[in-house]
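Working notes, structure below.
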Amino acid sequence: MKNQKLKTPVYLLALGYGLGTTVAVMSVAICGLIGAELTPHPALSTLPYGLQFIGVMLSALTSSMLQSRFGRKKIIFAAAGLGIIAGGIGISAVTMQSFALLCLTHFVIGVFFANIALLRFAVMDLTPRILHSKALSMVMFGGTFAALVGPVLSRNLPHLFSRLNVYQTSYFAISAIAAIILTLVLFLRFPKVQKTELKPVAIKQLLSNRVYVFALVCGGVGYSLMNLIMINSSIQMKANGFDFSAVSYYIQIHVFAMYFPSLFNMKILERLGLQRFLTLGLVLQLLVSIVFIFGQNAATFFVSLLVLGLSWNMLYTGGSYIVGHIFSREEEKFKAQGTQDLFIAAMSSIGALSAGAVLGFLGWNVQHVLAIVVTLALTVFFVWVRPALAKQIAAAKKHHNT
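Numbering (the working numbering), first residue to last: 663 to 1064.
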């Protein structure tokens, strides 16, 4: 059993996840720039970026429930179609200099990405339980594609399409990438949704389980702190004299560290066990802020942003593994998955949209003291939930072996 290999659909989903994440990386890169040009008021320049997060939040749970009713393939296919449309609206927004169309573009991109994020759960439907951790690892590794290809596309596409400006070219690329994902979905066969006579589990019932709540908070806090520190690191680097190319390089290293470890982190999880794996993620998250407090030079930015990517990966995939592994019954899995993504989207939005205010009002060092306090609070929660986590992991394993 241990020698079983992943099948082709897993690699197709990994590629789809990587391509979808590339869209997210590209959209963030261009959103602020074109938003500043088209906005009727400077205060509204980040509104399209905020609406992208709102698009994710509003559609995370809905998308998961639609996949439960109509099947994953149909809904992911439709979401890829929305990605194509979003790119087209983006080109029109730039051509017509329409801020309203730009806002619509990024809201639709948010809906598109909410479905891409669910691919990490979809892969578990295509693999036997013994390969769940390996399959999840491979799909998350697909995000490495975004770290490598996203910046290259942004820099070089304008040279290939001389008739389009840099923004139009980027939105054209988003449509093209979504079209590739749509094509990949055609080659996938998901198991039919199993009809169950059991009453669907209510969200209230899921939230009464402290292990499930921990999985939500683990992924949500990890994502929120990552967004907060990543965004403010760019601002702080600029304030310390780093030029644009240097800042871009450090952020690219950070994004690479977010996804590349997925190639082997599930092997680490299997060797250490889930609890030690999560403990390591929490320790790395603490290390990020400790290093940043003691220095702001090239070395500390490099090390801390690298470690920030690693800690995010471990907390995010750890939380996803708990939801996908324990809460996997037909009557609960789609609601459990969608609710987790809704919470993560909300928390990541808080981290991203509050970043400037936190840095402006609290300052760099106090921001990291706050991050340490939040991480320690999550650690206390983890210590409290560990016995229940161990018991439910064992129960899930026993259930699926019978």
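Even for Gly, the Cβ is constructed at its ideal location relative to N, Cα and C. On a predicted model such as this, the values are computed, not experimentally measured, just so you know.
Looking only at C-alpha atoms, which of the options sits nearest to residue i?
i	options	result
Ala698	Phe732, Leu675 and Phe761	Phe761
Ser1011	Lys735, Thr757 and Ile891	Ile891
Val1042	Ser707, Val945 and Ala1056	Val945
Thr724	Val1047, Thr1001, Arg1048 and Ala1058	Thr1001
Gln968	Val785, Ala741 and Tyr912	The question names Gln, but residue 968 in the sequence shown is Leu. For Leu968, the nearest C-alpha among the options comes from Tyr912.
Ala1052	Lys997, Ser990, Ala1039 and Gly935	Gly935
Ile692	Leu728, Ala741, Leu677 and Thr767	Thr767
Leu940	Tyr874, Gly981 and Phe918	Gly981
Phe989	Phe775, Ala808, Arg734 and Gln867	Gln867
Gly680	Gly1013, Thr979, Phe954 and Leu810	Leu810
Val909	Asn1027, Lys995, Ser896 and Glu994	Ser896
Give every residue of the same chain whose Cβ lies closer than 8 Å to the Cβ of residue i, excluding the five residues on either side of it in the sequence, and list them in chain order.
i	result
Ile836	Val685, Met688, Ser689, Gly745, Ala748, Gly749, Gly752 and Ile771
Arg1048	Gln937
So, for residue i: in the same chain, excluding its five sequence neighbours on each side, which residues have a beta-carbon less than 6 Å away from its beta-carbon?
i	result
Phe1005	Leu878 and Gly882
Leu713	Cys765, His768 and Phe769
To the nearest angstrom, report how far apart residue i and residue j are at their CA atoms.
i	j	result
Ile792	Asn927	16 Å
Ile952	Gly743	44 Å
Thr1021	Val1045	Here residue 1021 turns out to be Leu, not Thr, going by the sequence shown. If I take the Cα positions, the gap works out to 30 Å.
Gly759	Leu700	The identity of residue 759 in the sequence shown is Gln, whereas the question assumes Gly. The alpha-carbon atoms of Gln759 and Leu700 are separated by roughly 6 Å.
Tyr885	Phe849	32 Å
Ile1034	Leu887	10 Å
Ala840	Gly682	7 Å
Ala676	Met800	6 Å
Ile738	Ala1058	28 Å
Asp787	Val875	23 Å
Leu1032	Gly678	36 Å
Phe956	His1030	11 Å
Leu1024	Leu1015	15 Å
Using 10 angstroms around the beta-carbon of residue i, count the other beta-carbons present and answer buried if the total reaches 16, otherwise exposed.
i	result
Asn975	buried
Lys667	exposed
Ser832	buried
Thr845	exposed
Gln1054	buried
His703	exposed
Ser795	buried
Ala779	buried
Gly1018	exposed
If I measure Cβ to Cβ from residue i and keep anything under 7 Å in the same chain, skipping five residues before and after, which residues do I get?
i	result
Phe783	Gly986 and Gln999
Leu826	Phe834
Val950	Ile891, Ser966, Val969, Leu970 and Ser973
Asn902	Gln958
Val718	Gly772, Phe775, Ala776 and Ala1007
Would you say the beta carbon of residue i comes nearer than 7 Å to a heavy atom of the ligand GTP?
i	result
Lys796	Among the components modelled here there is no ligand, and therefore nothing to report on the ligand GTP.
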